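In our numbering, the protein residues as written are 388 to 499.
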(Lines of atoms letter the chains of each structure in order from A; the text may use other names.)
(Lines give C-alpha, C1' and ligand atoms only; values in the text may rest on other atoms or scores of the structure.)
Protein backbone atom coordinates (compact mmCIF):
# COMPACT_ATOMS: atom_id res chain seq x y z
CA UNK A 388 0.00 0.00 0.00
CA UNK A 389 2.86 2.38 0.69
CA UNK A 390 1.61 3.29 4.16
CA UNK A 391 4.15 4.02 6.89
CA UNK A 392 3.96 3.46 10.66
CA UNK A 393 5.64 6.23 12.67
CA UNK A 394 6.57 6.12 16.37
CA UNK A 395 5.84 9.57 17.84
CA UNK A 396 7.63 9.17 21.19
CA UNK A 397 7.16 12.80 22.24
CA UNK A 398 3.38 12.48 22.01
CA UNK A 399 3.17 8.86 23.22
CA UNK A 400 1.44 7.59 20.10
CA UNK A 401 1.93 5.66 16.88
CA UNK A 402 0.69 7.09 13.58
CA UNK A 403 -0.19 5.38 10.31
CA UNK A 404 0.72 7.70 7.44
CA UNK A 405 -0.42 7.50 3.83
CA UNK A 406 2.09 7.77 0.96
CA UNK A 407 1.16 11.48 0.91
CA UNK A 408 2.11 11.64 4.64
CA UNK A 409 -1.40 12.36 5.87
CA UNK A 410 -2.51 10.68 9.10
CA UNK A 411 -4.73 7.67 8.39
CA UNK A 412 -4.85 6.24 11.91
CA UNK A 413 -3.58 6.96 15.41
CA UNK A 414 -2.82 4.50 18.19
CA UNK A 415 -2.90 6.68 21.29
CA UNK A 416 -1.53 6.70 24.81
CA UNK A 417 -5.08 6.58 26.16
CA UNK A 418 -5.92 3.43 24.23
CA UNK A 419 -2.63 1.50 24.50
CA UNK A 420 -0.84 3.08 27.46
CA UNK A 421 2.16 4.20 25.40
CA UNK A 422 4.90 6.08 27.24
CA UNK A 423 7.93 6.67 25.07
CA UNK A 424 7.13 4.31 22.20
CA UNK A 425 10.30 3.83 20.16
CA UNK A 426 11.03 1.41 17.34
CA UNK A 427 8.41 -0.48 15.35
CA UNK A 428 8.17 -3.48 13.06
CA UNK A 429 5.25 -5.17 11.30
CA UNK A 430 4.57 -8.90 11.06
CA UNK A 431 3.40 -10.46 7.78
CA UNK A 432 -0.17 -10.68 9.12
CA UNK A 433 -0.17 -6.90 9.77
CA UNK A 434 0.46 -7.09 13.51
CA UNK A 435 2.39 -4.04 14.68
CA UNK A 436 5.24 -4.60 17.16
CA UNK A 437 6.10 -1.54 19.28
CA UNK A 438 8.92 -1.09 21.79
CA UNK A 439 7.42 1.07 24.56
CA UNK A 440 10.39 2.31 26.56
CA UNK A 441 8.86 3.72 29.75
CA UNK A 442 6.21 1.03 30.21
CA UNK A 443 9.07 -1.48 30.02
CA UNK A 444 7.22 -3.52 27.43
CA UNK A 445 6.90 -4.55 23.81
CA UNK A 446 3.33 -4.53 22.51
CA UNK A 447 1.87 -6.57 19.65
CA UNK A 448 -1.19 -4.83 18.18
CA UNK A 449 -3.29 -6.69 15.62
CA UNK A 450 -4.54 -5.16 12.36
CA UNK A 451 -7.98 -4.87 14.00
CA UNK A 452 -6.50 -2.75 16.81
CA UNK A 453 -6.57 -5.37 19.56
CA UNK A 454 -3.61 -5.72 21.89
CA UNK A 455 -2.66 -9.33 21.14
CA UNK A 456 0.41 -9.70 23.34
CA UNK A 457 2.60 -7.72 25.67
CA UNK A 458 6.11 -8.74 26.69
CA UNK A 459 7.07 -7.02 29.93
CA UNK A 460 5.16 -6.41 33.14
CA UNK A 461 5.01 -2.61 33.03
CA UNK A 462 7.70 -2.40 35.71
CA UNK A 463 11.45 -2.38 35.16
CA UNK A 464 12.74 -5.89 35.83
CA UNK A 465 15.02 -8.59 34.48
CA UNK A 466 13.91 -12.13 33.81
CA UNK A 467 12.02 -14.20 31.30
CA UNK A 468 9.45 -11.96 29.61
CA UNK A 469 10.58 -8.96 31.70
CA UNK A 470 12.19 -5.81 30.30
CA UNK A 471 13.75 -2.53 31.38
CA UNK A 472 13.48 0.40 28.94
CA UNK A 473 13.36 -1.58 25.68
CA UNK A 474 14.15 0.54 22.65
CA UNK A 475 14.45 -1.64 19.56
CA UNK A 476 12.46 -4.43 17.93
CA UNK A 477 13.09 -6.33 14.73
CA UNK A 478 11.25 -9.24 13.23
CA UNK A 479 13.34 -11.86 11.43
CA UNK A 480 11.64 -14.99 10.18
CA UNK A 481 9.77 -16.41 13.19
CA UNK A 482 11.68 -14.45 15.83
CA UNK A 483 11.37 -10.98 17.29
CA UNK A 484 14.63 -9.47 18.53
CA UNK A 485 14.35 -6.92 21.34
CA UNK A 486 16.95 -4.44 22.51
CA UNK A 487 16.41 -4.55 26.28
CA UNK A 488 18.56 -1.47 26.87
CA UNK A 489 18.12 -1.13 30.62
CA UNK A 490 19.32 -4.70 31.12
CA UNK A 491 22.19 -4.43 28.62
CA UNK A 492 21.00 -7.36 26.54
CA UNK A 493 19.46 -8.40 23.24
CA UNK A 494 16.79 -11.07 23.57
CA UNK A 495 15.02 -13.24 21.03
CA UNK A 496 11.51 -14.65 21.23
CA UNK A 497 9.78 -17.10 18.92
CA UNK A 498 6.57 -15.67 17.45
CA UNK A 499 3.85 -17.45 15.49
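Glycine included, C-beta positions come from ideal geometry on N, C-alpha and C.
Every value quoted in this text rests on a predicted model; they were computed, and no experiment measured them.
To the nearest whole angstrom, what separates the beta carbons of residue 446 and residue 419, a pair I think is in contact under 8 Å?
6 Å
Residue 468 in three-state terms, based on DSSP:
coil
Would you mind working out which of 421, 389, 499, 480 sits nearest residue 396, comparing C-alpha positions?
421
Beta-carbon gap between residue 413 and residue 404 smaller than 7 Å:
no
What's the call for residue 399, buried or exposed, on a 16-neighbour Cβ count within 10 Å?
buried
Buried versus exposed, by CB contacts within 10 Å (16 or more), residue 443:
buried
Would you mind giving the Cβ-Cβ distance between residue 427 and residue 394, rounded to the nearest angstrom? I have them listed as a contact below 8 Å.
5 Å
If we call anything under 7 Å between Cβ atoms a contact, is residue 406 one with residue 389?
yes
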